[in-house]
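Enquirer: Okay, handing you the structure first.
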Amino acid sequence: MKSNTQAIVDAVSSGQRISEQEAMELYRNAPLSTLGALANQKRQAANPGDRVSYLIDRNINYTNVCNSDCTFCGFYQYDPRHPEAYVLSREQIREKIDEALELGATRILLQGGHNDELSYDFYVELISWIHDNFDIEINSFSPSEIHQMHLVSGKSYVDILTELQAAGMRGLPGGGAEILDDEVRKRVSPKKIRSQTWLDIMEIAQELGLTTTATMVIGFGESVENRINHLSGLRNLQDKSLAKGKAGFNAFISWVLQKNENTSMGRSRHRDTYGASSSEYLRNVAIGRIFLDNIIHHQASWPTLGPDVAQIGLHFGCDDFGSTMMEENVVSKAGALTQSKWEMSPEELRDEIRGAGFIPVQRNSSYEVIRVY
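Here it is in structure tokens:
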């Protein structure tokens, strides 16, 4: 290992915060095993012991109509009159929530496309209806969907989030972040909100006390610098929120871009330059834990590279194994390297956690322990 890389490793081991430049040096030159050991050390400092948490929830995609034209998405239909386009009815949503409750779910994750035919009232009334009829936590939408509501209503982000919260929304998931570097965003999702807008909306959500998560997707052909810029934006916002006495992001989750013939990336002549290997994912997971020293929980992602890689992620800084999901429509439509199954039962999640050498703990969205197994 080069002397300057070793010096950064020593700094991390002694508990020092590293700079963006130092993070790039580690990302490029530190051995993967060294990064894993450092990340595990950071994980133990934040969450000592051998417990790994998981969540029972359901993902519900309320519409697949979207105007964003993201090059990596195979889920959406641009034309709302396309035979495969849909907006879920309340009866369909009721059925999905009932199934989740039967499994013991404590949360639903409600997300969808940017559908120009949906009014602002649609979103508020949907949240209110779910809140009034079901005993389950509602984490819904994403910063880009909040921006869509702004476009159709003319309301400010603050007013939108305040009204959704009053209707019963308890959390704003971190979807739509992909890579928070506009050099990348302009290339892969040119119609989507820019990086700072995503961060601004999350800051407002945190000010209001909504639960928020930070996400990251790698494999767009981005550089190490692009990736560290993403992490830096998250860390800076987290510092700002914590300094104000807010909870900030309660978790960081990263995964790997999927691509198949359903996506324009998958049909591109450059398709082989997209995506990321398991070792690259683990490198990113470890750097995430090392650099994001102010986000307590880091989640291993099993849907994209499979549970075996996610198990290794638990030894690379992660302390959470994600959720049952029950239903996944976006990543699965883009293809998978190793997965043909897009949900896991609570028992299967616990088995995977035990198989990695940890004690399974069921949690809620706020990472409060429900049961230790």
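Add 1 to a position in the sequence shown, counting from 1, and you land on the number used in this note's numbering.
For glycine and all other residues, C-beta sits at the position ideal for the given N, C-alpha and C.
Measure the CB-CB distance between Leu104 and Met327 and report whether it falls below 8 Å.
Expert: Reading the sequence shown from its first residue, position 103 is the one you call residue 104. Reading the sequence shown from its first residue, position 326 is the one you call residue 327. Closer than 8 Å, so yes.
Enquirer: Buried or exposed: where does Ile371 fall if 16 or more other Cβ atoms within 10 Å of its Cβ makes it buried?
Expert: To locate residue 371, count along the sequence shown from 1; it is residue 370. By the 10 Å Cβ count, Ile371 comes out exposed.
Enquirer: Could you check which residue in Gln259, Asn237, Gln93 and Asn365 has the C-alpha nearest to that of Ser20?
Expert: Within the sequence shown, numbered from 1, the residue matching residue 20 stands at position 19. Ranking Gln259, Asn237, Gln93 and Asn365 by Cα distance to Ser20 puts Asn237 first.
Enquirer: Just to confirm, is the Cβ distance from Arg449 to Ala106 under 8 Å?
Expert: Not covered by the structure: residue 449. The range shown for the chain is 2 to 374.
Enquirer: Go through the region 97-154 residue by residue and report every complete run of the beta strand (DSSP E) that reaches 3 residues or more, in order.
Expert: Counting only runs of 3 or more, we get 108-112 and 138-141.
Enquirer: Let's test the definition: count the other Cβ atoms within 10 Å of the Cβ of Asp80 and tell me whether it reaches 16, buried, or not, exposed.
Expert: If you number the sequence shown from 1, residue 80 lands on position 79. Flag for Asp80 reads exposed.
Enquirer: Nearest to Glu376 by alpha carbon, out of Pro174, Tyr368, Phe221 and Glu23?
Expert: The requested residue 376 is not part of the displayed model; the chain covers only 2 to 374.
Enquirer: Can you give the Cα-Cα distance for Glu126 and Asn134, rounded to whole angstroms?
Expert: Stepping through the sequence shown from its first residue, residue 126 is reached at position 125. Stepping through the sequence shown from its first residue, residue 134 is reached at position 133. Between Glu126 and Asn134, the C-alpha separation is close to 12 Å.
Enquirer: What are the boundary residues of the alpha helix (DSSP H) that includes Gln300?
Expert: If you number the sequence shown from 1, residue 300 lands on position 299. Premise fails: Gln300 lies in the beta strand (DSSP E), His298 to Gln300, not in any alpha helix (DSSP H).
Enquirer: Applying the 10 Å Cβ sphere with the 16-neighbour rule, what's the burial state of Gln7?
Expert: The sequence position of residue 7 within the sequence shown is 6, counting from 1. Exposed, because fewer than 16 other Cβ atoms sit within 10 Å of the Cβ of Gln7.
Enquirer: Say whether the region 274-294 touches the region 244-255, bearing in mind that this needs 3 or more beta-carbon pairs closer than 8 Å, one atom from each stretch.
Expert: In short, these stretches touch, since the Cβ pair count reaches three.
Enquirer: Could you give the C-beta distance for Ala287 and Gly37, rounded to a whole number, given that I count them as a contact under 8 Å?
Expert: As a working note, residue 287 is residue 286 in the sequence shown. As a working note, residue 37 is residue 36 in the sequence shown. Indeed they touch by this definition, with Cβ atoms about 6 Å apart.
Enquirer: Ordered along the chain, which non-local residues of its own chain (more than five positions away) have a Cβ less than 8 Å from that of Arg351?
Expert: Taking the sequence shown and counting its residues from 1, the one referred to as residue 351 is at position 350. Result list for Arg351: Tyr55, Pro361 and Tyr374, in chain order.
Enquirer: For Met2, count the other beta carbons within 10 Å of its own beta carbon; 16 or more makes it buried, fewer makes it exposed. Which is it?
Expert: Locating residue 2 in the sequence shown gives position 1, where the first residue counts as 1. It counts as exposed.
Enquirer: For Gln207, is the classification buried or exposed, using 16 other Cβ atoms within 10 angstroms of its Cβ as the cut-off for buried?
Expert: Along the sequence shown, read from residue 1 onward, the residue named residue 207 stands at position 206. When all chains shown are included, Gln207 counts as buried.
Enquirer: Give the DSSP bridge partners of Leu56, in chain order.
Expert: Sequence index remark: in the sequence shown, residue 56 carries index 55 (1-based). Ser324 and Arg364.
Enquirer: Should Glu223 be labelled buried (16 or more other beta-carbon atoms within 10 Å of its own) or exposed?
Expert: Here the question's residue 223 lines up with position 222 in the sequence shown. By the neighbour-count rule (16 or more Cβ atoms within 10 Å), Glu223 is buried.
Enquirer: Let's test the definition: count the other Cβ atoms within 10 Å of the Cβ of Lys193 and tell me whether it reaches 16, buried, or not, exposed.
Expert: As a working note, residue 193 is residue 192 in the sequence shown. It counts as buried.
Enquirer: Over the uninterrupted beta strand (DSSP E) stretch that includes Asn285, give me the two end residues.
Expert: To locate residue 285, count along the sequence shown from 1; it is residue 284. First-last for Asn285: Ser279 to Phe292, but that is the alpha helix (DSSP H), not the beta strand (DSSP E).
Enquirer: Residue range of the beta strand (DSSP E) that Arg372 falls in?
Expert: Here the question's residue 372 lines up with position 371 in the sequence shown. Counting along the chain, the beta strand (DSSP E) containing Arg372 begins and ends at Val370 to Val373.
Enquirer: Cβ of Ala46 within 8 Å of Cβ of Ile229?
Expert: Numbered from its first residue, the sequence shown carries residue 46 at position 45. Numbered from its first residue, the sequence shown carries residue 229 at position 228. Cβ distance not < 8 Å, so Ala46 and Ile229 don't count as in contact.
Enquirer: Give the single residue among Asn285, Arg52, Tyr275 and Cys71 whose Cα lies nearest to the Cα of His115.
Expert: Sequence index remark: in the sequence shown, residue 115 carries index 114 (1-based). Per the Cα distances, Cys71.
Enquirer: Using 8 Å for Cβ pairs, my map puts Ile128 next to Arg108. What's the rounded Cβ distance?
Expert: Reading the sequence shown from its first residue, position 127 is the one you call residue 128. Reading the sequence shown from its first residue, position 107 is the one you call residue 108. Actually they do not touch by this definition, with Cβ atoms about 14 Å apart.
Enquirer: Hey, out of Gly289, Met170 and Cys319, whose CA is closest to Val225's CA?
Expert: Along the sequence shown, one-based indexing puts residue 225 at 224. Ranking Gly289, Met170 and Cys319 by Cα distance to Val225 puts Gly289 first.
Enquirer: Using a threshold of 8 Å, state whether the C-beta atoms of Ile1 and Val218 are closer than that.
Expert: Residue 1 is absent from the model: the chain starts at 2 and stops at 374.
Enquirer: Among the candidates Tyr77, Gly314 and His298, whose CA atom is the shortest distance from the CA of Thr305?
Expert: Sequence index remark: in the sequence shown, residue 305 carries index 304 (1-based). Closest by alpha carbon: Gly314.
Enquirer: Which value, in whole angstroms, describes the spacing of the CA atoms of Gly16 and Arg186?
Expert: Along the sequence shown, read from residue 1 onward, the residue named residue 16 stands at position 15. Along the sequence shown, read from residue 1 onward, the residue named residue 186 stands at position 185. Using only the alpha carbons, I get a separation of about 33 Å.
Enquirer: Determine, using beta carbons only, whether Phe142 and Leu111 come nearer to each other than 8 Å.
Expert: By one-based count along the sequence shown, residue 142 stands at place 141. By one-based count along the sequence shown, residue 111 stands at place 110. In this structure, Leu111 lies closer than 8 Å to Phe142 by Cβ.
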